[in-house]
Amino acid sequence: MSSQHHLVWNGELTTRLRLIRRGMYLAAPGMLWILLFLALPSLLLIVISMTTRGDYGQIEWVFSLDNFTRLLGFSSYGWSADYLWILFRSVWVAFWTTLVCVLLAYPLCFHIANRAPEKRYFWLTLIIIPFWTNLVIRAYAWLLVLAPQLPFAKFAAVLGIIPDGSPLYPSALAVYLGMVATFLPFVAMPLYANVEKLDWALVEAAKDLYAGRARIFWHAIWPQTVPGLSVGITLTFIPAMGMFVVPDLLGGAKYMLVGNLIQQQFGTSRDWPFGAAVSLALMVLTLVGLHVQRKHSGEGGVP
Amino acid sequence: MSLEAYAIYKNYGEVEALHNVDLVTERGEFFTLLGPSGCGKTTLLRIIAGLELPDSGTVMLTGDNVTTLPANERNVNTVFQSYALFPHLTLFENVAFGLRSRRMTGAVVTDKVMAALAMVHMEDKKDRLPSQLSGGQKQRVALARALVNEPEVLLLDEPMSALDAKLRHAVQAELRQLQQKLGKTFILVTHDQEEALTVSDRIAVMRQGRVVQCAPARELYERPVNRYVADFLGKANIIAGRRAEGGVETELGLLRLDTPPAWEQGELAIRPENIVFHPERPAVNGLRARVTEAFYRGDRMEVWLEPGNLRMSAAPRRGIAKGDEIWIELLPGALVPLHE
Amino acid sequence: MRRFHWIVPFTAVGSLVFLYVPLLAVAVFSVNASRFGLTWQGFTLKWYQRLFANEQILEAAWNTLFLAGVSTVIATVLGTVLAIGLKRYPWSRRVYTLLDINLHLPVVTPEIVFAAALAVAFGLLRMVFSVFEPGMLNMIIGHVTFQVSFVALVVGARLASISTDIEEAARDLYADNAYIMRHVMLPLLKPGIVGGAMLAFTLSLDDFVISFFTAGPTSVTLPLYIYATVRRGVTPDIHALSTLALCVTVILVMISERVTRKTNKE
Chain X
16 MSSQHHLVWN
26 GELTTRLRLI
36 RRGMYLAAPG
46 MLWILLFLAL
56 PSLLLIVISM
66 TTRGDYGQIE
76 WVFSLDNFTR
86 LLGFSSYGWS
96 ADYLWILFRS
106 VWVAFWTTLV
116 CVLLAYPLCF
126 HIANRAPEKR
136 YFWLTLIIIP
146 FWTNLVIRAY
156 AWLLVLAPQL
166 PFAKFAAVLG
176 IIPDGSPLYP
186 SALAVYLGMV
196 ATFLPFVAMP
206 LYANVEKLDW
216 ALVEAAKDLY
226 AGRARIFWHA
236 IWPQTVPGLS
246 VGITLTFIPA
256 MGMFVVPDLL
266 GGAKYMLVGN
276 LIQQQFGTSR
286 DWPFGAAVSL
296 ALMVLTLVGL
306 HVQRKHSGEG
316 GVP
Chain F
8 MSLEAYAIYK
18 NYGEVEALHN
28 VDLVTERGEF
38 FTLLGPSGCG
48 KTTLLRIIAG
58 LELPDSGTVM
68 LTGDNVTTLP
78 ANERNVNTVF
88 QSYALFPHLT
98 LFENVAFGLR
108 SRRMTGAVVT
118 DKVMAALAMV
128 HMEDKKDRLP
138 SQLSGGQKQR
148 VALARALVNE
158 PEVLLLDEPM
168 SALDAKLRHA
178 VQAELRQLQQ
188 KLGKTFILVT
198 HDQEEALTVS
208 DRIAVMRQGR
218 VVQCAPAREL
228 YERPVNRYVA
238 DFLGKANIIA
248 GRRAEGGVET
258 ELGLLRLDTP
268 PAWEQGELAI
278 RPENIVFHPE
288 RPAVNGLRAR
298 VTEAFYRGDR
308 MEVWLEPGNL
318 RMSAAPRRGI
328 AKGDEIWIEL
338 LPGALVPLHE
Chain G
2 MRRFHWIVPF
12 TAVGSLVFLY
22 VPLLAVAVFS
32 VNASRFGLTW
42 QGFTLKWYQR
52 LFANEQILEA
62 AWNTLFLAGV
72 STVIATVLGT
82 VLAIGLKRYP
92 WSRRVYTLLD
102 INLHLPVVTP
112 EIVFAAALAV
122 AFGLLRMVFS
132 VFEPGMLNMI
142 IGHVTFQVSF
152 VALVVGARLA
162 SISTDIEEAA
172 RDLYADNAYI
182 MRHVMLPLLK
192 PGIVGGAMLA
202 FTLSLDDFVI
212 SFFTAGPTSV
222 TLPLYIYATV
232 RRGVTPDIHA
242 LSTLALCVTV
252 ILVMISERVT
262 RKTNKE
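Residue numbers (the numbering used here), protein chains in the order written: chain X, 16 to 318; chain F, 8 to 347; chain G, 2 to 267.
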């Protein structure tokens, strides 16, 4: 008897063909859904980024790389770096947001891990609640906090930073505040998973060897937290680059990020080709970010 | 005849797991496949269960060819190494699984399940979940779950590897008693030679996909066919020699043996317990040896002797100590010529 | 308990204060009787009362729940079946990698790019079928697209913990495909399916960007309503609505914490 075609898979006697066919029936609906509504349209975005905007906002199938040159700043009025600035600003804001979140997340996680085990749930819940609160609510709430009638804006007015009676928004500061407040839980939660399981024996060993506080942190604590930190950074940096709600509500027209730019093209400006080009630029930045993260998580161990 | 397998070949890519393996078991026999990991014993068991398909060969169950019969239609059941109890079902439902899957219902199921649980002394825990059980208890449930279906043959895949040593001995004895009571064919896979000797009627020693020797336990132990089998089932002293008039000429002298060897040159094996202490020179196969080491093992002394780098198993009351010079006899009936 | 430098608890508590000050401000001003301006003019619950009379808000609330419910049901079914089909079948390495990349696409793509792609997809489909105007249908489709991935990932993780031993044992005990699926796989997957569904539901409730790009005039959800109102000007109504949403979140988080703590203890 030859078993060339038949095999036993998890106890079932069948052929490879029949198994693959059944697997396809199961996986196809979901896969096709994603393919149809995301994967293929994304490829289409690439195509559309090379088309031209018609006079009434429709797509003219005239192919050129004009949208990209425009993104790089070249237009009929000469060269301006406006769009490049927006791209740069997005990365810049994302970078500083992530950095501040990391600096705040470590003490927060240590503090919680230091509590008695029963109390920890309470503190974790305190982080989880903002995490699950709607982004729009969390962002607009800052409009309230930075309003002219509240102490913060009044204090800034007294210092002369802003005119009397005006709010602390729209401003870069407001955007940063909103971003950090949004993403802090995203860094803290995966980091906490590592900090909770920290092997303090290594820290004791470092202390025994008379290491200073900074060295203790760098050699005994940091390596153990890299996996969770890596997850947290990915969950923060990449979405932060494409963030739209926070800069829209707190930054206004003068402090645009990539997300706002894209939204504008698909909204009021009705310039889908240009919007597609900017989306592609953001995708490229995202892929670069993911690649860097993958390289670093490789050396830190499996995240 | 119960379960038979003929000319079984199985390859996994480059690796040859089974090479021309034959297996014949009798009804009501406790048969063991013994060998180190990677020798193919588990593969063979899975082929019998229907969980693997051989590349070629035939599997027959009570005379019927079941080689291409799916696992869920074969009248064999398996006790898995990990027990594979269904974590979401109570013990009762676990045991009832094989009955319910064949659409049995009602009092028939209840009676059979309770009888099976009673057989393994777990009837009072029927509503517990597997997560609440110890390893030994899980194993018993796995046994009941398999036996309730009254299979022709019960297959056991290293069922005691997860148990601690003391429990293992108790379970081995229980398993043997159970098998005798039921009168069913059991096929056990293990790497533990002591276990094999304890429970089995016949043992097949395997190595790299081949059956090296298949014989009743006693014969396997006392008459190993080659060095591999001799070494695998307990300890053996190996003595090289050349056939001569009256026996075998070795560096220890001329040794008489009951079964003359078929070869001109070769090796003899003798178990430590068959090297016997004598107060004076023995009549046959006597040797004056010097004790190089003596280890107290509680129930016996393990004695190292020169010449010949021999290991002897002696009663502690002999009072043998390191440095002694003693007379020993190599029992002629226990000297076994080995083949390749 | 280790002794940390005082800066650790100081920063930790400070961070939490930083997170909660805006939310508490909203709660405080939701009971402030003053309509404009932010001077305290007495405690009142009238803004909450007005919520329940506000047609638009009630419609938005209904839309939000309807959208989340329908999309979750679709995504849970598709995602569960996808996870089983992907993980329990002998795909070749290359095919599996492709499928895996496709599966992770919604998780990895930035929301705004996701929304742009959806806009393109619907723009094209509109040319053939007029039913794809911005509206509830588009929103459901958009939500399902990212929910499917999350459900499949959660169920897939749970699937990995079910060893193939169990399936083999079921076969050894005479079960056929249908019996195994019904009595072994699905019951064991249940925690994963429920977890995945809850995650999908929550993600849909909270979604803003994708809803923003796919919504029509009659299918506004609560996050969209809040955003639109806030752009025109912050009002106490919105504070009341937000505080309610916050309370619901708190209650749900506490329930889910209690449930996970109980299942961990068992």
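Even for Gly, the Cβ is constructed at its ideal location relative to N, Cα and C.
These numbers were taken from a predicted model, which means no experiment stands behind them.
DSSP-derived helix/strand/coil call for residue i
| i | result |
| --- | --- |
| X/Ser17 | In this prediction, X/Ser17 scores a pLDDT of 46, lower than 50, which makes its location untrustworthy; the coordinate-derived value is nonetheless stated afterwards. Three-state result, X/Ser17: coil. |
| G/Ser16 | helix |
| X/Ser186 | coil |
| F/Tyr303 | strand |
| F/Thr197 | strand |
| G/Ser205 | helix |
| X/Asp214 | coil |
| G/Glu134 | coil |
| F/Asp131 | helix |
| X/Trp24 | strand |
| X/Ile177 | coil |
| F/Val232 | coil |
| X/Gly227 | coil |
| F/Ile333 | strand |
| X/Ser245 | helix |
| F/Met319 | strand |
| F/Val160 | strand |
| F/Ala12 | strand |
Closest Cα partner of residue i within the set the options
| i | options | result |
| --- | --- | --- |
| X/Gln73 | X/Gly304, X/Ile143, X/Phe289 and X/Leu55 | X/Phe289 |
| X/Tyr207 | X/Trp24, X/Ser79, X/Phe125 and X/Ile101 | X/Phe125 |
| G/Ser205 | G/Pro23, G/Val235 and G/Asn64 | G/Asn64 |
| G/Ile239 | G/Phe214, G/Val249, G/Phe147 and G/Leu223 | G/Leu223 |
| X/Phe198 | X/Tyr225, X/Thr251, X/Gln239 and X/Arg230 | X/Thr251 |
| F/Gly330 | F/Val343, F/Asn244 and F/Val310 | F/Val310 |
| G/Ala61 | G/Gly217, G/Leu247 and G/Val235 | G/Gly217 |
| X/Ile49 | G/Val32, G/Pro23 and G/Ile102 | G/Ile102 |
| X/Leu102 | X/Leu86, X/Ser91, X/Thr113 and X/Trp24 | X/Leu86 |
| X/Lys269 | X/Ser284, X/Asp97 and X/Glu219 | X/Asp97 |
| F/Asn156 | F/Leu136, F/Asp171 and F/Leu189 | F/Leu189 |
Short CB-CB distance (under 8 Å) between residue i and chain X
| i | result |
| --- | --- |
| G/Ser199 | In the sequence as presented, Ser is not what sits at residue 199 of chain G; that position holds Met. So no, G/Met199 is outside the interface. |
| G/Glu267 | The predicted model places G/Glu267 with a pLDDT of 48, which falls under 50 and marks its position as unreliable; any figure quoted below should be read in that light. Closer than 8 Å: no. |
| F/Gly57 | yes |
| G/Val149 | yes |
| F/Pro166 | no |
Residues that DSSP places opposite residue i in a beta bridge
| i | result |
| --- | --- |
| F/Glu313 | F/Arg297 |
| F/Lys17 | F/Leu25 |
| F/Gln220 | F/Val212 |
| F/Pro344 | F/Leu275 |
| X/Asn149 | In the DSSP output, where bridge partners are listed per residue, X/Asn149 has none listed. |
Short CB-CB distance (under 8 Å) between residue i and chain G
| i | result |
| --- | --- |
| X/Trp157 | yes |
| F/Arg318 | no |
| X/Val210 | no |
| X/Ser18 | Per-residue confidence for X/Ser18 stands at a pLDDT of 47, beneath the threshold of 50, marking its modelled position as unreliable; the derived number appears in the next sentence. It does not; no Cβ of chain G falls within 8 Å. |
| X/Asn149 | yes |
| X/Thr140 | yes |
| X/Val261 | no |
Chain F contact for residue i (CB, 8 Å cutoff)
| i | result |
| --- | --- |
| G/Glu60 | no |
| X/His21 | yes |
| G/Ala170 | yes |
| X/Leu28 | yes |
| G/Asp166 | yes |
Contact test: residue i Cβ vs the ligand FMN heavy atom, cutoff 7 Å
| i | result |
| --- | --- |
| G/Ile8 | By its list of ligands, the structure shown contains no ligand whatsoever, and the ligand FMN lies outside what it can speak to. |
Legend entry - Interfacial residues, the segment 287-299 of chain X to chain G, with Cβ spacing under 8 Å: Trp287, Gly290, Ala291, Ser294, Leu297 and Met298
Legend entry - Members of the segment 41-62 of chain X near chain G, C-beta cut-off 8 Å: Leu41, Ala42, Ala43, Pro44, Gly45, Met46, Trp48, Ile49, Leu50, Leu51, Phe52, Leu53, Ala54, Leu55, Pro56, Ser57, Leu59 and Leu60
Inset, instruction - Output, in sequence order along the chain, the residues in the segment 169-190 of chain G whose CB is closer than 9 Å to any CB in chain F. - result: Glu169, Ala170, Ala171, Arg172, Asp173, Leu174, Tyr175, Ala176, Asp177, Tyr180, Ile181, His184, Val185, Pro188 and Leu189
Legend entry - Interface positions of the segment 104-120 of chain X facing chain G (Cβ-Cβ less than 9 Å), listed along the chain: Leu118, Leu119 and Ala120
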